[in-house]
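J.: Residue numbers (my numbering), protein chains in the order written: chain A, 361 to 555; chain B, 2 to 384; chain C, 85 to 356.
Quick one: the structure is below, questions incoming.
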Amino acid sequence: MSNGKKLELRLAGSGGQGLVLGGIILAEAAILYDNKNAVNTQSYGPEARGGASKSEVIISEDEIDFPKCEEIDILLSLNQKSLDKYITDLKKGGILILDRDLCPNPPEGNEYETFRIPFTNLARTELGKVYVANIVALGAIAGLTDCVSRAALEKAVAARVPAGTEELNVKALAIGYREAAVARVDHPVDTDALS
Amino acid sequence: MSGPKFKSGLRLMSGNEAVAEAALYAGCRFFAGYPITPSTEIAEVLSKRLPQVGGFFLQMEDEIASMAATLGASLAGAKSMTATSGPGFSLKQENIGYGCIAEIPCVVVNVQRGGPSTGIPTGPMQGDIMQARWGTHGDHPVIVLYPDGVEDAFWETIRAFNLAERYRTPVILLTDEVIGHMRERMFLPKPGTVSIYNRRKPRRIPEKYYPYQGGTQDVPTMAPYGEGYRFHVTGLFHDRTGFPTNEPAEIDAEMRRLLRKISRAYNDIVKWEELFMDDAEEVIVAFGCTARSARAAVKRLRARDRKVGLFRLKTVWPFPERALIKIAKRAHVKKMLVPEMNNGQVLFEVERVAGRYCDVEGLQRLDSEMITPRQIIRALREN
Amino acid sequence: MAFDYDQYLRVDRLPHIWCPGCGHGIIFKALLRSIHGLEIDKNDLMLVSGIGCASRLPGYADFNTLHTTHGRALPFATGIKVMKANLHVIVTSGDGDAVAIGGNHFIHTCRRNIDMTLIVFNNSIYGMNGGQVSPTTPYGSFASTAPWGNLSVHFDFMKLAQGAGATFVARATTYHVKLLEKVITQAIAHKGFSVVEVLEDCPTAYGRRNKMRGPVQMMKFWKDNCVMIDALDKLPLEEAKEKIPIGIFCQTTRQEFTDEQHQVAQRAMGEE
């Protein structure tokens, strides 16, 4: 029935790292600006901060029936606890994007296409704001996988972040894209194989 | 409905947001609620949006008061709504019963979470199917709708208001944590393009108005308080004047009319969706978020030439039994599978209705996680 | 000339269900005289009640009337008042209805200061249900569910209402009928949430278990034991402690809930 490309992404980390917003931005970029279909779900515990929370986005040309991820194509993890908890759902050959400093123990072997980027540190040192690490990560995800177009992502970020922080966030996004470009030189990704 | 207050077009919305926005399209101008996960966003959205359209939002002291204020506002002429989840739905039952016997239109949203009791506030389950039907004491009519996604939640909310107004009764809109919190594409219609039903007001002069005279459809006309009709409303059994009665014959007449006004409107109220049903040998009967899993399973199995179909309940109560009996009687229908995130509440109904014509099997999950398409496919393969 | 009560009654709904000697009729009549004195149109008055003897009152009165569930009259009334701000909304409630099962609604309605009037028919007992102990049954009194005597101290409505934020708080009795009519009138005219507690008699369910079989005996109790609140401090301290104060305890103004709601809507509608 379904012959369109379907991409499953999971953004994982602790409460307060902005991954719920990250999921919304990716879904909005796909729907409003890339003219695709998307579904965003989240699961969370009782804590508003800390713990392991996840936000999932499915992007497709077709109708999306089951709204949760079944075989994850792309996993972002911003802390070790989430990485340990959610790595098992990442499909073989899937893309694993980690915060280099906050996930000190990446999986061994070459089962996944692993990218280690210091999102939090980049946000701190280049922009002086740790809280935009999520946006840096979105830039890197899109830069590495083309899951949404850059124009769409920039519009979606500007529309969703607090008024007055648009410029900061667009800069954060650009840092993510820059890091992705660097990483792709060392480690090319076959985005067509992602479906 | 003024233009700038309704922004039509494509949006990414959660189910809870869609319910709130749809209420405004339907003409809801009063909401009373109490914060509870996972329904809180409905209250949050309406606390901001209702005043923008000239309506009123009240956060009450508890769930009971929220239901009471919702009924009071409706008696004063407003379309009104409240929203809650499991424990709050339990607390609302007393006044839901009042709404049934006093015939007060309103919409009660229950975004289901895991239970009983506090259960799991942040996880979905579908355990309130029977409570929605039988939660308040005594025999009473009930209309319960259950959408399966954000867009459907929007349109079913509007349908809930229309049915409440048409049949002068509380309508329960069941969703679940998945539907409430998931975000997907929603195309908001242009204001004024949505079909809206408003309660029939009396045409008779106040001296000749009987607030509980059924008329041809068994649905009495409804005057709002404060407009010259000085009538009485009570939760006691009453005659057509609205005043209490202890007469067995009058009690019987009232009870039968109350039940009849819903049962006779079966065709208007009971809606469902069919997918690949024409030649289906195996039928999945599903609802709410589980219908999403079932839809995925059916499409995957059809791709492998398995003759599987989906029957999705849009109206849970009254139960779509006439439609299901017809399907169960088809010669090619061998089996019905009922996946649900409870211990078989709808399975019992499907067994009752279709059990003598085909096999009926259940698939239950009680761990607050969604039933996956794979689980459904596996269940069909095993059987 | 005698007051014509019939103009406000649904005479076809009479006789009422109340027992001989019950104080409800005295309060009902005072209420009707107050409404008449304020020249309120019958179409503009909304009577709301919960469950209990006192809650049957709206059925007998020719206004907009609503008989709700036990304890819930105030939130029903709140929904009506917010939608129809022009209505004078009066809630009649018994003591159990108002501060046992309805206690949470009572304090929060006080807090909101919504422009409604609550008249509490306080007969210290669950009368309709047959004489069970209520939150206003005096300590040591007997009830069908307190055969060894009531073990809890009774609620002081006046303190409760003031503490929760009501802006007009008064107490009268069925013996002090002039005062009763006066405070009901002032309560209805007051802009904000007003609470009138009426101490009254239930010979059937309370009196007969507590050595006050006759209504006259109970009336005499109010006469002998109640003192106007302003006169209280003129009494010797020991004597004052034994008395029940009546009169107006609190009369103040602050922002009213319905007004605020409508102002918010005006402001929100004006904004883009």
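The beta-carbon is built from N, C-alpha and C at its ideal position, and this holds for glycine as well.
Keep in mind it's a predicted model, so treat the numbers as computed, not measured.
1) Helix, strand or coil for C/His120? Go by DSSP, reduced to three states.
2) If you reduce the DSSP assignment to three classes, tell me which class B/Glu104 lands in.
3) From A/Ser362 to B/Val284, what distance separates their C-alpha atoms?
4) In the DSSP output, which residue or residues are listed as bridge partners for C/Val173?
5) Measure from the alpha carbon of C/Ile209 to the alpha carbon of each residue in C/Arg195, C/Phe252, C/Ile191, C/Ser177, then state which is nearest.
6) If you follow the beta strand (DSSP E) that A/Leu438 is in, where does it begin and where does it stop?
7) Please decide whether B/Pro52 counts as near chain C, where near means a Cβ-Cβ distance under 8 Å.
8) Relative to the C-alpha of B/Thr316, which candidate in B/Asp219, B/Val347, B/Gly356 has its C-alpha closest?
9) How far does the alpha helix (DSSP H) with C/Ile272 in it reach, from first residue to last?
10) Need the endpoints of the alpha helix (DSSP H) that C/Val166 sits in, please.
11) Short of 6 Å in beta carbon distance, which residues of its chain neighbour B/Val46, apart from the five on each side in sequence? Order them along the chain.
12) Among the candidates C/Arg196, C/Gly298, C/His192, whose CA atom is the shortest distance from the CA of C/Lys275?
13) Comparing C-alpha positions only, which one of A/Glu527, A/Glu514, A/Leu513, A/Arg476 sits nearest to A/Glu539?
14) Taking just the CA atoms, how far does C/Leu235 sit from C/Pro287?
15) Work out the CA separation of B/Tyr226 and C/Val173 for me, nearest whole Å.
16) Under 8 Å, CB to CB, which of the residues in the region 422 to 454 of chain A have a partner in chain B?
17) Kindly say whether B/Leu364, judged by its beta-carbon, lies nearer than 8 Å to any beta-carbon of chain A.
18) Could you spell out where the alpha helix (DSSP H) holding B/Asn163 opens and where it closes?
19) Can a CB atom of chain B be found closer than 8 Å to the CB of A/Leu379?
20) Where do the ends of the beta strand (DSSP E) carrying A/Gly522 lie?
21) For B/Pro245 and chain C, any beta-carbon pair shorter than 8 Å?
22) Under the three-state reduction of DSSP, which class applies to B/Leu175: helix, strand or coil?
23) Here's the rule: buried if 16 or more other CB atoms are within 10 angstroms of the residue's CB, otherwise exposed. What is C/Asp314?
24) Along chain B, which residues have their Cβ under 8 Å away from the Cβ of A/Glu388?
25) Looking at the secondary structure, which residues open and close the alpha helix (DSSP H) in which B/Ile1 lies?
26) For the region 165 to 175 of chain B against the region 208 to 226 of chain B, do three or more pairs of beta-carbon atoms, one drawn from each stretch, fall closer than 8 Å, so that the two count as touching?
27) Report the rounded CA-to-CA distance for C/Asp285 versus C/Lys168, giving the unit in angstroms.
28) Under a Cβ-count criterion, where at least 16 other Cβ atoms within 10 Å of its own Cβ denotes burial, should C/His189 be classed as buried or exposed?
29) What residues in its chain sit with their C-beta under 6 Å from that of C/Gly211, if we drop five residues either side in the sequence?
30) Determine, using beta carbons only, whether B/Met126 comes closer than 8 Å to chain A.
31) Taking C-beta pairs closer than 9 Å, name the residues in chain B that C/Thr153 reaches, listed in chain order.
32) Where does the unbroken beta strand (DSSP E) through A/Asn400 begin, and where does it stop?
33) Here's the rule: buried if 16 or more other CB atoms are within 10 angstroms of the residue's CB, otherwise exposed. What is A/Lys428?
34) Relative to chain A, which residues along the region 139 to 171 of chain B have a C-beta separation below 7 Å, given in chain order?
35) On the criterion of 16 or more Cβ atoms from any shown chain inside 10 Å, does C/Gln347 qualify as buried, or is it exposed?
36) Taking C-beta pairs closer than 8 Å, name the residues in chain B that A/Thr401 reaches, listed in chain order.
T.: Short version:
1) helix
2) coil
3) Because the pLDDT of A/Ser362 is 38, which lies under 50, any placement of that residue in the model is unreliable, and the question is left without a value.
4) C/Met130, C/Met200
5) C/Ser177
6) Note, A/Leu438: premise wrong, no beta strand (DSSP E); not H, not E.
7) yes
8) B/Val347
9) 261 to 273
10) 157 to 167
11) Glu18, Ala21
12) C/Arg196
13) A/Arg476
14) 21 Å
15) 11 Å
16) Ile424, Asp425, Phe426, Pro427, Lys428, Glu430
17) no
18) 151 to 168
19) no
20) Sequence check: residue 522 of chain A is Pro here, not Gly. A/Pro522 -> no beta strand (DSSP E), and no H or E assigned at all.
21) yes
22) strand
23) exposed
24) Leu13
25) Any property of residue 1 of chain B remains undetermined from this structure, which presents chain B solely from 2 to 384.
26) yes
27) 35 Å
28) buried
29) Cys137, Cys286, Ala289
30) no
31) Ile65, Ala69, Glu95, Asn96, Gly98, Tyr99, Gly236
32) 397 to 403
33) buried
34) none
35) exposed
36) Val179, His182, Met183, Arg184
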